[in-house]
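Note that the UniProt record's numbering has the sequence shown beginning at 1, numbered continuously upward.
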Amino acid sequence: MRVRVDVPDLAGKAGERGQLMVIDLGVVREAPEAVLGSRRGPRGWRWFAVFGLLAVLLAGGPEPVRGHLAEATVATAGKYVFSGPTGLYVVDGDTIRNYRLPGGEVGWQVTVPAQGRAQSAFLIDGTVLVTGDGADSRTSALDAETGRLRWERAGSPNFVGDGGLVLLTDPRPGVLTVRYEVVELATGAVRWELTDLAGEAVFHGGDRFVRWSLPDQVEVRDMGTGRVVTTGVVPPWDDDLLRSYSGSGVQVVGGMMLVPRYRGGRPVADAYDLDRLVLRWTADLDLSSMHVSECGDLLCVDQASAAGGVHAIEPETGRVRWSDSGAHRLERVGSVMVAYGMLEQPPRIRILDPANGNLRADLGRWEIGWPYGDDGRVVATRPSPDGGALIAELDVNRGKVRILGVTRDAFACHSGWALVICNREGDNTGIWYPRDRADR
């Protein structure tokens, strides 16, 4: 289970959008929320509005059960906070402090090894990755339990693979090249590296690293070894868009590269098999406003535009298995598909059958804290009409909501990794989480 929190610099500059496949759980005070890499999570889309306990009771929803919340308060003078399964991490300039749960006592405190202040911080597989904001950007890996420095290297992480690998990108100001390194998360050992011309299009996802040399030369490498899998010619949709590839709409997912085209007066997507660079299928997808991700044996197509609407498509053919016009995002969790409502603050959470999109349960409107547990449970929150926040635990596999309680003396609450973090007066942060999890 993975977490990413991009921390903007203390002047409030947001982080760059990358392709790190992890989840935003940060709490940002007095600064814009960082823009996160593409994933479900990954995707840190946040919603907030007033819809409280009274509405739940009037609708016949579950009643709150007293005593289900454990609570701790920590002094957090720093501006940025993120959470993990057993603790809280506070970033304050060049210092990172860990608070342990339950209890809120200080576990460790370290000065950021990388040059300058912390520009970004990630918690992933027991490792905190910290990137400094100095001119010579460097990334340090800390043991999440002890704060001990594991390794330090030049560059910034912009992709983390499922095999415990980190892709570091090291562009240098005034230099016409960019250096890519794939290192092991646990040790920092370099698996392979590549120096390329700055401005060349690079895409990555899963176990593939794709270089696109203008106008049409494509090279596919294995992410783990750097071995060239295949090369070939793929006609680009638009040279100018490809040159500024961050907005081109090209996406790497499910062993395919999706390339945007415009045919017959409408946008379409060509799906190329990344092992052979042959065209697998063409579908009516507008990749400029859609995000495609793996959802079990299907691909989920989310809609970023106000029009909304999501699709579940078959990766072998591109055929739409089913659609839902009332959602703007889909996520596969265990044996179910979770649909997040559009134009609602917070969004309505509905549980759908992955096979056909039929409704299994409507859990109401919640802001949830990614990632889901292995058991399909997640802590959620929404504002209470009497102040504070209503806190619940959602079990999406069973389609159940368990109300845990209400925070009264807190504001600006966010869910995060099986807990809820709220601001309190006096530069304090309140933490609430299910008591039965604290007792495990």
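Virtual Cβ for every residue (Gly too), placed ideally from N, Cα, C.
In this structure, the CA atom of Gly107 is about 16 angstroms from the CA atom of Ile431. By the criterion of a C-beta distance shorter than 6 angstroms, Trp212 is surrounded in its chain by Ala201, Val218, once the five residues flanking it on both sides are discounted.
Where Leu363 is concerned, the enclosing beta strand (DSSP E) starts and stops at 359-365. Distance from the CA atom of Glu331 to the CA atom of Phe82, rounded to whole angstroms, is 23 angstroms. Runs of the alpha helix (DSSP H) lying entirely within the region 175-245 and spanning at least 4 residues, in chain order: 239-243. By the C-beta criterion, the region 292-305 is judged to be in contact with the region 249-265, since at least 3 inter-stretch pairs fall below 8 angstroms. Here Leu404 is near Ile391, since their CB atoms are less than 7 angstroms apart. The region 145-152 and the region 163-172 do not touch, with fewer than 3 CB-CB distances between them shorter than 8 angstroms. Following the DSSP letters along the chain, one finds Pro157 inside the beta strand (DSSP E) bounded by residues 156-160. The shortest CA-to-CA distance from Asp386 to any of Phe411, Tyr99, Asp375, Asp362 is the one to Phe411. When DSSP states are grouped into helix, strand and coil, Arg435 belongs to the helix group.
By the neighbour-count criterion, in which a residue is buried when 16 or more other Cβ atoms sit within 10 angstroms of its Cβ, Glu316 is exposed. If you draw a straight line from the Cα of Asn428 to the Cα of Gly84, it is about 18 angstroms long. Between His68 and Arg435, the C-beta spacing is below 7 angstroms.
Rounded to the nearest whole angstrom, the C-alpha separation of Pro383 and Phe203 is 39 angstroms. Between Gly155 and Arg117, the CB-CB gap reaches or exceeds 7 angstroms. Proximity to Leu363 across Asp375, Thr76, Arg402, Arg329 peaks at Arg402, based on C-alpha coordinates. In this structure, Thr230 is the residue among Thr230, Gly309, Leu299, Ala307 with its C-alpha nearest to the C-alpha of Asp273. A check of alpha carbon separations from Gly147 across Asn98, Ala121, Gly161, Pro157 identifies Asn98 as the nearest.
Beta-bridge partners of Arg153 (DSSP): Thr139.
Counting C-beta atoms within 10 angstroms of its own C-beta, Glu425 has fewer than 16 neighbours from the protein chains shown and is therefore classed as exposed. Under the three-state reduction of DSSP output, Ala304 falls in the coil class, being neither helix nor strand. Here DSSP, grouped into helix, strand and coil, assigns Glu314 to coil.
Assigned with DSSP and collapsed to three states, Ser83 falls in strand. Contact between Gly104 and Ala72 holds, with the beta-carbon distance rounding to 4 angstroms and staying under 8 angstroms.
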